[in-house]
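Right, one structure below, let's go through it.
4 protein chains.
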Amino acid sequence: MSHNTFGHLFRVTTWGESHGPALGCVVDGCPPGIRFKLAEIQAELDRRRPGTSRFVTQRREPDEVKILSGVLPEGEDGTLVTTGTPISMLIDNVDQRSKDYGEIARQYRPGHADFAYDRKYGIRDHRGGGRSSARETAARVAAGALARKVVPGLVVRGALVAMGTMEIDRDAWDWDFVDDAQNPFFTPDRQSVARFATYLDGIRKAGSSVGAVIEIVAEGVPVGLGAPIYAKLDQDIAGNLMSINAVKGVEIGEGFNAARLTGEQNADEMRMGNDGKPIFLSNHAGGILGGISTGQPVVARFAVKPTSSILTPRQSIDRDGRNVDVMTKGRHDPCVGIRAVPIGEAMVACAIADHFLRDRGQTGGR
Amino acid sequence: MSHNTFGHLFRVTTWGESHGPALGCVVDGCPPGIRFKLAEIQAELDRRRPGTSRFVTQRREPDEVKILSGVLPEGEDGTLVTTGTPISMLIDNVDQRSKDYGEIARQYRPGHADFAYDRKYGIRDHRGGGRSSARETAARVAAGALARKVVPGLVVRGALVAMGTMEIDRDAWDWDFVDDAQNPFFTPDRQSVARFATYLDGIRKAGSSVGAVIEIVAEGVPVGLGAPIYAKLDQDIAGNLMSINAVKGVEIGEGFNAARLTGEQNADEMRMGNDGKPIFLSNHAGGILGGISTGQPVVARFAVKPTSSILTPRQSIDRDGRNVDVMTKGRHDPCVGIRAVPIGEAMVACAIADHFLRDRGQTGGR
Amino acid sequence: MSHNTFGHLFRVTTWGESHGPALGCVVDGCPPGIRFKLAEIQAELDRRRPGTSRFVTQRREPDEVKILSGVLPEGEDGTLVTTGTPISMLIDNVDQRSKDYGEIARQYRPGHADFAYDRKYGIRDHRGGGRSSARETAARVAAGALARKVVPGLVVRGALVAMGTMEIDRDAWDWDFVDDAQNPFFTPDRQSVARFATYLDGIRKAGSSVGAVIEIVAEGVPVGLGAPIYAKLDQDIAGNLMSINAVKGVEIGEGFNAARLTGEQNADEMRMGNDGKPIFLSNHAGGILGGISTGQPVVARFAVKPTSSILTPRQSIDRDGRNVDVMTKGRHDPCVGIRAVPIGEAMVACAIADHFLRDRGQTGGR
Amino acid sequence: MSHNTFGHLFRVTTWGESHGPALGCVVDGCPPGIRFKLAEIQAELDRRRPGTSRFVTQRREPDEVKILSGVLPEGEDGTLVTTGTPISMLIDNVDQRSKDYGEIARQYRPGHADFAYDRKYGIRDHRGGGRSSARETAARVAAGALARKVVPGLVVRGALVAMGTMEIDRDAWDWDFVDDAQNPFFTPDRQSVARFATYLDGIRKAGSSVGAVIEIVAEGVPVGLGAPIYAKLDQDIAGNLMSINAVKGVEIGEGFNAARLTGEQNADEMRMGNDGKPIFLSNHAGGILGGISTGQPVVARFAVKPTSSILTPRQSIDRDGRNVDVMTKGRHDPCVGIRAVPIGEAMVACAIADHFLRDRGQTGGR
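These protein sequence lines map, in sequence, to chains A, B, C and D. Just so you know, the first sequence maps onto residues 1 to 366 in our numbering. Just so you know, the second sequence maps onto residues 1 to 366 in our numbering. Just so you know, the third sequence maps onto residues 1 to 366 in our numbering. Just so you know, the fourth sequence maps onto residues 1 to 366 in our numbering.
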């Protein structure tokens, strides 16, 4: 019910504004006895961190995470173990150049929530988007780093598969390259880096921006997570992904392409394997059938719209009902979809962790 | 949290299996004092009802809805008024030909939840899909018919915009034609009927099936519904739509196409109208920015996969781990996407009604 | 969030008014594979049923429960097995003498919700109390009968321990006598029957009513249910019991008497038993410490106020703002506390079942 | 569902352990536009603060609250205004003498959650009770200070009405005295201070402890908050109060005494006042009838057990299954009931604020 919480048994509440002193989250319901190191959480945050290349916002935020509760140290190597109590994580805001935003404090930026937000709440922290800022997603990434630990054997990875009108070559997919230091785009296709760089430099220099499509693949998802009706695993993944800033579409497996297939084409046939275990001969379903995980990799994609903050002037109005031309200076990502990769992974990981606990609750996790 | 409930303040719990004695729902949180007639609920159910043309399942279900609680009669014309207490609605299952399903009781039908379901619960009512049957959606449509009444001025309409590889001509869009008696497809394009009929007859006669894309448009949505983070209106619409059987993708506004646009193209510019009210010059956003409704029409699309129950044999396994070839007889829709139109409308209406009450709770509905 | 639902993983939604066609509940989240017979549910309802003695309301309701979903028959002996899908139960209202209530349709009966209810909802089904009627508790008892099956080894029993100014002799406690056919009061003290009968006959003939105190004891509660803060087992038991009509107080273990004890007196000391298992030497805590079950019997008590519907006239006002004298005819329990015994058991059983599943979700049920 | 959250629309999530770096809460759902000063929050915390007299724990904690999100400054006088986004509040732990607890790290203290907690989670921060520590209640008090602002005209006050075997003289009730600097007990009876002081000094010097009864009175509660079934206002107040550490019983209005009354005695009669408004002639109901507020003051009482940490040795066992004698040194309140007064106020205020928003959501707050 809450407006700033997601999940049910693995439950994440986030708080914080772009230009407040800090932001953070409380992860409630994390099972006790899970071991991890702070560096593992930090590593995920570093993947989302701004300022790492010319293709993302130049805001300089170390995004250093502190854990304030819910864990105990174990041994001397920095291992932390969860106690089953709520885990509070905090990230200080460091580089808040509020002056950048003074000019548009009363203007409604096209593509942003400004107008609707003002009408709803009657008050708005305009600095950096306030609560609507993508900075909030740092808290999600921290929570997702924990979620990954909840389900034994779970591996959640993501990649950018399209930027604007350009797509990757799926035959060149290389997971190892996604987090390569030479890869500012989280693309799994090594050859695409040069193409994307040229394309995005053009976009950036034109004071424009562009959208992207991200694909998340979760391997090691146990069979049986989800439910046939309103706790479908795909439903919660879709809701989680759609809650990320600027996302306008979500797909599972074949997604919209499934509408174009026949029943024979779309059926994932099965055979018993030599090891006596069932084998799926394809994965059009994206690992979820009837709302329940099949044991195959869970595949989700989401579309990120182009950054709304652009240098090109756009017509709009201001809070006083005057026509204005809005040009958003400040520091912005020319393609917010890039940094959405670790965020999407985190949201999928959280959905899976939540359903893992829910399944264990209802069925005992058979 | 519950596995069979959706919504928070306008809260719908459904129950029932395809071949049990009945199915139904409890709508909790409906405001008191809302007036309607039973015939209005029934009319929505009739739109979803099977057996209305050769293009949908031939199961004969009157889908007659009874209201067991939560309303009082007012006057002599059949008007009912809600009392604010839970509204229990019940629909008897009449035409349950269980014998049709005997053959595949132990087989896992490709594309269905059978395998994952069995692994999760260890027990399964295989008849007609049991709880996974699309018959459950009758309860959603009944709830949605109430939801439409909760928000003054709200109009939620839907249409089929693509079937398999064929699309409508959007320039020929005519809302009035969607519910025309000569229109078995909920298409808004009069010319498309003959094309779709020929196409789907071919599919049907081949023992095959095909997917579809549905578009839902909600007009009269007040500005300010939703929230910037985890109660985004688009997030809950996406979750609601993804919870419909066979849905594999959801879009808001430009959806996946937004990824291909630049910031200038995607910006919905604004101007003050002559009446002193703000005007949007386009609606790429689909009526939702930053998770909050803008007052423009809310536009959502969803992709329905092809019916998994087909006459063409597919390879699979059975409960005992044997390889089998599955051919699903029985009565099935060659394109389940058709009847998904009123279901999609219902789910969007429920999401909007819920957010209308939630907004009134937090902000007083300014 | 919902106004007619309780529980989180074992989740009960009830619906229905006193004088509508039926009432019922949906139990969502019940694990699959639980076996029971309809007669077991019915037996619990029969304990709560009106009309069984001169000491309870003379309304004649068979309270026959039907199960509409969520179970499959197993074998030939009437055994039902839960499937993990929502279990819908329905009880028809049979004996609705609406004419009894015509006189007070517009009057606000002292001690009843009438005034506050009207101010809140603006519309009210006055017949038999409408939604506020204790008839709704039949649905709780049905749900509780299922809840008892969820936790292996759980036994939940209740007894009336005080009626008005009279108390039982706790030294004469005999659980076997509570459901004895010669015991119209659910008292565990055989000698108290004659005393209570004489006392309550006097109350009844005087057109008056009287309150009662009920004690519920749950044995077989596993150690470790609950949580240290806002999912305390005692918190949820207290909320569940306080939600029963006419309840004004709830205690766990020593309850209010604990305030009068010293730390030494109240401490439940422990020793290792000869079998190597921990033994508590007393149970002042009522089986719950710091919100978590200790493995000892869980002991809760609740106070039921005297029936507000009495024949003795009381001053009040009506809906039109006129002073009136209210005298409630109709059929009423002179001591509603009596029939509260099976209701209290049901509510405690539901709380324990819910926490059993929640604990299994978070900790794996170590 | 969450284990560390309470409330639905006014939703409080707390986190933190007794001996961690900090504790805090996130208040989600607070309406926008509420004005307050940090000093008002701090003032409530100061009332709960340890170390203020010899009758409470000598732990020295400034309990200085910081607000990290959800507010904007307004003007120059320190006024803060809520923005409708989550309000994160943080209180540093300063005086953590962990060495005090070393001795009983592996012992199960009678009356504490230690044994049950260990069995549930398998890991426990024993220092100061960890998550089970009453320090967590500082976060509740901070949240409650905000809750008081949500409902216009709401005044929530509390008082200690009994300590061990001693009671106040209710005829001497003086609200103004409760927060008097000369009153270390929150008693409303000036004469009781000397009696309580002598009594508690004796208890303290004997290494013992004693319980207490607290009464909370909420004035200015609008008529119509709550609901007839599972969102009863008294139900949520009872749950909220029972969630406070060491509480073993909760009453509304007459409470357990209602069981001893007749229907005539317990009826709150009504008359139309000279101003045309309804008047209740008594308040046995404690301001709540049928789960809904009547507009009269809401009156709740709760019983606090004696502090379990006492110097007198008690028999117990340790984590290794050995019999031990436990004597709890460290710094403890001889009567934890005293500091429970502001906590009880906070929990009642939170329940009322939540129901205020819920009522506004469902009914529009007629």
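The beta-carbon is built from N, C-alpha and C at its ideal position, and this holds for glycine as well. For clarity, every value in this text was computed on a predicted model and none was experimentally measured.
- The CB of Phe256 of chain B comes closer than 8 Å to the CB of Val213, Lys248, Gly249, Glu251, Phe256 and Ala303 in chain A, given here in chain order.
- Against Arg271 of chain B, the close residues of chain A are Gln315, Ser316, Ile317 and Asn323, in the order they occur along the chain (beta-carbon pairs closer than 9 Å).
- Among the bridge pairs identified by DSSP, Trp15 of chain A is matched with A:Gly24.
- In this structure the segment 289-296 of chain C does not lie against the segment 333-345 of chain D, because fewer than three pairs of beta carbons, one per stretch, are closer than 8 Å.
- Closer than 9 Å to the CB of Gln265 of chain A there is at least one CB belonging to chain B.
- If you draw a straight line from the Cα of Ala134 of chain D to the Cα of Ser88 of chain A, it is about 18 Å long.
- Shown here for Ala172 of chain B: same chain residues with a beta carbon closer than 7 Å to its own, the five before and five after excluded, namely Asp189, Arg190 and Gln191 in chain order.
- Secondary structure of Leu311 of chain A (DSSP, three-state): coil.
- At least one CB of chain B lies nearer than 9 Å to the CB of Gln235 of chain A.
- In the three-state DSSP reduction, Phe115 of chain B falls in the helix class (H, G or I).
- Going by DSSP, Lys248 of chain A is part of the beta strand (DSSP E) stretching over Val247 to Ile252.
- If you look at Asn323 of chain B, you'll find it in the beta strand (DSSP E) that goes Asn323 to Val326.
- Across the set B:Ser282, B:Asn266, B:Ala303 and B:Glu264, the C-alpha of B:Ala303 shows the shortest separation from the C-alpha of Ala258 of chain A.
- Closest option to Val324 of chain A, judged by alpha-carbon separation, among B:Asn283, B:Met270, B:Lys205 and B:Ser282: B:Met270.
- Ala351 of chain D carries a helical assignment under DSSP once its states are collapsed to helix, strand and coil.
- Looking from the CA of Thr85 of chain C, the closest CA among C:Ala218, C:Phe36, C:Pro31 and C:Glu40 belongs to C:Pro31.
- Using a Cβ distance threshold of 9 Å, Ala238 of chain B and Gly226 of chain A do not count as a contacting pair.
- Just so you know, the alpha carbons of Lys66 of chain C and Glu64 of chain B end up roughly 20 Å apart.
- Of all residues in the segment 105-131 of chain B, those with a C-beta nearer than 8 Å to a C-beta of chain C are Lys120, Tyr121, Gly122, Ile123, Arg124, Asp125, Gly130 and Arg131, reading in chain order.
- Closest option to Arg314 of chain B, judged by alpha-carbon separation, among B:Leu38, B:Phe6, B:Phe55 and B:Tyr108: B:Tyr108.
- Listed along chain D, no residue sits closer than 7 Å to Arg140 of chain B by beta-carbon distance, the nearest being about 21 Å off.
- One alpha carbon belongs to Ser243 of chain C, the other to Gly291 of chain D, and they sit about 8 Å apart.
- Per DSSP, the unbroken alpha helix (DSSP H) holding Asp236 of chain D starts and ends at Leu233 to Met242.
- Residues of the segment 26-48 of chain B whose Cβ lies closer than 7 Å to any Cβ of chain C, in chain order: Val26, Asp28, Gly29, Pro32 and Gly33.
- A distance below 9 Å separates the beta carbons of Asp318 of chain C and Arg106 of chain C.
- At a cut-off of 9 Å, the C-beta of Gly291 of chain D has no neighbouring C-beta in chain B.
- When DSSP states are grouped into helix, strand and coil, Gln265 of chain D belongs to the helix group.
- In this structure, DSSP gives Leu68 of chain B a state outside helix and strand, which the three-state scheme calls coil.
- If you check the CB distance, Phe186 of chain C and Ala197 of chain C do not come in under 9 Å.
- Between Leu68 of chain B and Leu90 of chain C, the gap from beta carbon to beta carbon is short of 9 Å.
- When only Cα atoms are considered, Ala231 of chain C and Arg131 of chain D end up about 13 Å apart.
- Comparing alpha-carbon positions, the option among A:His3, A:Glu254 and A:Gly364 lying closest to Gly7 of chain D turns out to be A:His3.
- Lys37 of chain C: member of the beta strand (DSSP E) spanning Arg35 to Lys37, first to last residue.
- The alpha-carbon of Ile252 of chain A is positioned some 26 Å away from that of Gly29 of chain C.
- Within the segment 144-175 of chain B, not one residue has a Cβ closer than 7 Å to any Cβ of chain D.
- Distance check between Arg322 of chain B and each of A:Gly276, A:Asn283, A:Ala285 and A:His284 places A:Gly276 closest, using alpha-carbon atoms only.
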